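Below you'll find the structure, written out as structure tokens, and then a few comments.
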Amino acid sequence: MNLLSLFSVSNRTGRFMRMLSTSYLNVVTAAIYSIALVPIVLHFSSITQLGLWTLVTQFTAYLSLVDAGVSSACVRRFVGPVARKEIPALGGVFKTAFLVSLSQGAVCSLVGVLSYPAGLLLGIGPENLPLFSSVLFVQFILVGIFFLVRPFSSLLLAAQRFEINNLVSSLSIVLSIGIIWIGFRSGFGLWALPLASLFQQITSALTTLFMVRKLDLLPHSWWRQSSNWKGVSDLFLEALDFFSWSGFSTAGATLQSVFLSRFLGLEAVAIWNVGAKLASFAYMLFSNFFNTAFMGLSELVEKGEPQNCLRSFLNLFLSTLSCLIIFAGCAVLFNDLFILFLTHGQITLPPLCSWAIFFWLILAGTLRALACFSNIWQNRKTMRIGPVIEFSSLVLFLALSLLFPSLTWFAFALMASQIPPILLSYGPPFLAVQTVFKIHLSKNQLCMISFSIAFLIGAIGVRGFCAPPIQQALLLSFLGVVWIYFFLQDLSAFILLSRH
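In terms of the numbering used here, the sequence shown has 1488 at position 186, counting the first letter as 1, and numbering is strictly consecutive.
Printed below as a string of structure tokens:
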């Protein structure tokens, strides 16, 4: 496969690579936006205004839970008919999805009436409460309105043609920085931020509707199709399996924040936020990779190619996991320098805590990939029980860490909490499917994983024993070069297999 076909929309791998590359561009521009937002707000306003907007964005983000997994379920439902070019068969399913999204949008908008009580509960002073509640109410209304676009976005995702949306989103994010700047200069104050958010959502919605129409993905006369309560209930039941992951993940993140602030103090919250930043960013990139691969791998299942799906998943998993292990090894060596650069020496992280964080990264990445596999194969039992086991494991190990309350034991508790769900829930179904299809690792893959693990162990060793710089460089350079050789030999892993 040449470079042009690698990014061609005419094949599955090309669509996957286009979506992946543009989604990473979107991640980068979002990071630039969040960084640029701070000095702009502080230049024209105050830390208090920045804090108010931070609270607004956090509360708005929680509205994504109202989706309850419906968008993911719609994508998985749409993949088969879209792949087989059976668009007319989607009419009834699409109408049901639209009606559900309409009701969810109405719920989001109605929740907006709680903006003022929310401000009171947060202890926002009377001088800022009217502004906070008004901005939050408008944000809730906007989220509710644009919920209607979600079924259309699901069609594009099912067709693996979301790359234009990612590009337009990246451009609108960059332009939003200018809108915010002009808004503050024009005296709009904090209202410049929801104005920029409105601009982003309008451009995203228009792009989605345009692409759906251009690609002829919308079933004709879908609004005339019949829809009943059974269809709605079936969609919600299917969606709850997808929601189990996001719901318990949100609960787990909230539990971690509460645990840190309640038992270890605000200083520990700040130290953890900085010390785990590299690991969090790497995990986000890894998760985004499998979120993008989900559609293409699901298409293989829908087209009756389960063996190719499993082989493609295994190839992608091993290659990306080895990259994650190499990153963890590098981060073990340089995380201290990163923290020093970021905080000018005001924050330090114990070495054991740093090691536990990056072992968590490897285990969490493994768990995320195996969870994606369960979603692809629609293993309902694992989709429902897996997140429950993961959350229960987190509660158990955080409770045990209270025997020795410290940031290091907190990190080890997070790391250990990933092991039970891998062993008890996500791992066994994957191994069972692998055994049925008799797919085994190649020698090159075994060498690639082995040398990435050796690199990580070597990095921990030279860091722990304070080896001289020359010895560090020689050892890690040797291991790293050998890993690169085997990784390059396995680049075909990023081609989604097909029998056609």
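Built from N, CA and C at the ideal position, the CB exists for glycine as well.
Note that the structure is predicted; figures quoted are calculated from it, not measured.
- For D1536, the enclosing alpha helix (DSSP H) starts and ends at W1531 to F1561.
- Secondary structure of D1518 (DSSP, three-state): coil.
- The C-beta of Q1360 has fewer than 16 other C-beta atoms within 10 Å across all chains shown, which makes the residue exposed.
- If you draw a straight line from the Cα of M1319 to the Cα of F1464, it comes to about 11 Å.
- DSSP places P1608 within a helical segment (H, G or I) once states are collapsed to three.
- Residue ranges of uninterrupted alpha helix (DSSP H) with 4 or more members, entirely inside the segment 1621-1705 and ordered along the chain, are 1653-1678 and 1682-1703.
- Remark: C-beta atoms of P1653 and T1710 do not approach each other more closely than 7 Å.
- With respect to F1400, P1453 sits close: the two C-beta atoms are nearer than 7 Å.
- Here N1575 is exposed: its Cβ has fewer than 16 other Cβ atoms, across all protein chains shown, within 10 Å.
- Counting C-beta pairs with one atom in each stretch, the segment 1545-1554 and the segment 1681-1695 have three or more that are closer than 8 Å, which means they touch.
- Nearest in C-alpha terms to L1365, of all of N1328, E1429, G1393 and L1438, is L1438.
- Contact annotation: Q1441 and M1321 have beta-carbon atoms that are not nearer than 7 Å.
- A contact between stretches requires three or more CB pairs, one per stretch, nearer than 8 Å, and the segment 1368-1386 fails this requirement with the segment 1465-1473.
- Note on Q1351: 16 or more other CB atoms within 10 angstroms of its CB, so buried under the neighbour-count rule.
- By the Cβ test, the segment 1392-1412 is in contact with the segment 1519-1537, since at least three Cβ pairs between them sit closer than 8 Å.
- Note on geometry: alpha-carbon atoms of L1700 and K1579 lie some 20 Å from one another.
- With a contact defined as Cβ atoms closer than 8 Å, L1778 and F1757 qualify at about 7 Å.
- The Cβ-Cβ distance between E1604 and G1394 does not fall below 7 Å.
- Spatial neighbours of I1724 in its own chain (CB-CB distance under 8 Å, excluding positions within 5 residues in sequence) are listed in chain order as L1665, T1668, L1669 and L1672.
- Cβ atoms of L1497 and F1486 stay farther apart than 8 Å, at about 10 Å.
- Rounded to whole angstroms, the separation of the alpha carbons of G1729 and T1737 is 12 Å.
- Going by beta carbons, C1410 and G1446 fall inside the 7 Å limit.
- Secondary structure of S1528 (DSSP, three-state): coil.
- The count of Cβ pairs closer than 8 Å, one atom from the segment 1476-1486 and one from the segment 1403-1420, stays below three, leaving the stretches out of contact.
- Rounded to whole angstroms, the Cβ separation of P1689 and S1546 is 5 Å, and the two are in contact under 8 Å.
- Of the residues D1543, F1448, W1531 and P1521, the one whose Cα lies closest to the Cα of S1506 is F1448.
- Contact between F1596 and C1674 holds, since their C-beta atoms are separated by about 6 Å, short of 8 Å.
- CA-CA distance, L1642 to S1348, rounds to 27 Å.
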